[in-house]
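Okay, so here's the structure we're looking at.
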DNA sequence: ATTATTGTATTAACCGGTTAATACAATAAT
DNA sequence: ATTATTGTATTAACCGGTTAATACAATAAT
């Protein structure tokens, strides 16, 4: 899974999202050790400072924690990860519905169209 | 409908989207005259240059056109607007599905959750 | 003991989007 | 004819995110 960063938004914010996603989806398991700042930065092709900034924010929110010279770990708090996952999902859904409605789609139409597309060639 | 611009992405890009939305949803009707650059800029609380930039881009794509000193108009091309609307909807859906899947939701789960939320207190 | 790797911090340069101020030609409105 | 409004253009300043280079203390690995 590539990091696919777009240039139309601050990179550090995108990094936060991507890491949250990886934690929620299990790519980075609960309690597991994260790659080092420098490794992650190289992986994502960004400056270590930028990655550091993203990680610091994630630390604020409690999703990861750092042991000074040992490395960084994903929280063991299952509840917290579940909450983050739910929050992310709700945000995605609300924003999506809002935009579709602005485009002039009704809720029924939205569901119909999603079924059609998600059944189709979407999967890659 | 306010312009609700966020600071985490280039404003001109957001302006383009918002104007596209307003055209697709009929707030700015086909062939109708748009407010002047200065008016629009004031409405959206941005610098006229920034609004001008967004409009210039929309002009490139053909969705609006300018008559030098007369003002700016929405295209009369129904087909074009329909296409834009479909493209915007598809983009929204694809991005949404992609993100939800990354979070670990299956297509069935997505539809279930959308039904639940869209039936609920979403509407404002 | 020495070395390599960890997170962390600092400073300066860079870069693109945004604002600000201003000007101009064309023309609709008066 | 004069005036106001239109889109358009230009230049400089500003600002926040990003990069770059570098350094440091702590400690795991050797």
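Residue numbers (this note's numbering), protein chains in the order written: chain A, 84 to 207; chain B, 84 to 207.
We put the beta carbon where it would ideally sit given N, CA and C, even for glycine.
C-alpha gap between residue i and residue j, whole angstroms
i: residue 159(B); j: residue 181(B); result: 34 Å
i: residue 123(A); j: residue 134(A); result: 7 Å
i: residue 169(B); j: residue 90(B); result: 27 Å
i: residue 172(B); j: residue 102(B); result: 15 Å
i: residue 138(B); j: residue 97(A); result: 27 Å
i: residue 143(B); j: residue 111(A); result: 43 Å
i: residue 191(A); j: residue 151(B); result: 43 Å
i: residue 115(B); j: residue 153(B); result: 13 Å
i: residue 88(A); j: residue 174(A); result: 19 Å
i: residue 109(A); j: residue 161(A); result: 11 Å
i: residue 179(B); j: residue 179(A); result: 7 Å
i: residue 166(A); j: residue 167(B); result: 36 Å
Bridge-paired residues (DSSP) for residue i
i: residue 117(A); result: 155(A)
i: residue 150(B); result: 154(B)
Integer Cβ distance of residue i from residue j, believed to fall under 8 Å
i: residue 117(A); j: residue 155(A); result: 4 Å
i: residue 200(A); j: residue 197(B); result: With 8 Å as the limit, residue 200(A) and residue 197(B) do not qualify as a contact, their Cβ atoms being about 13 Å apart.
i: residue 86(B); j: residue 149(B); result: Rounded, the Cβ-Cβ distance is 21 Å, inconsistent with contact.
i: residue 72(B); j: residue 104(A); result: Nothing in the structure corresponds to residue 72(B), since chain B is present only between 84 and 207.
Residues near residue i in its chain [Cβ-Cβ closer than 6 Å; skip 5 each side]
i: residue 131(B); result: 120, 121, 124
i: residue 95(A); result: 133, 136, 137
Contacts around residue i, its chain only, beta-carbon distance under 7 Å, and the 5 residues preceding and following it disregarded
i: residue 106(B); result: 146, 157, 164
i: residue 93(A); result: none
i: residue 99(B); result: 137, 140, 141
i: residue 183(A); result: 193
Spatial neighbours of residue i in its chain, beta-carbon cut-off 8 Å, leaving aside the 5 residues before and after
i: residue 188(B); result: 196
i: residue 129(A); result: 88, 94, 98
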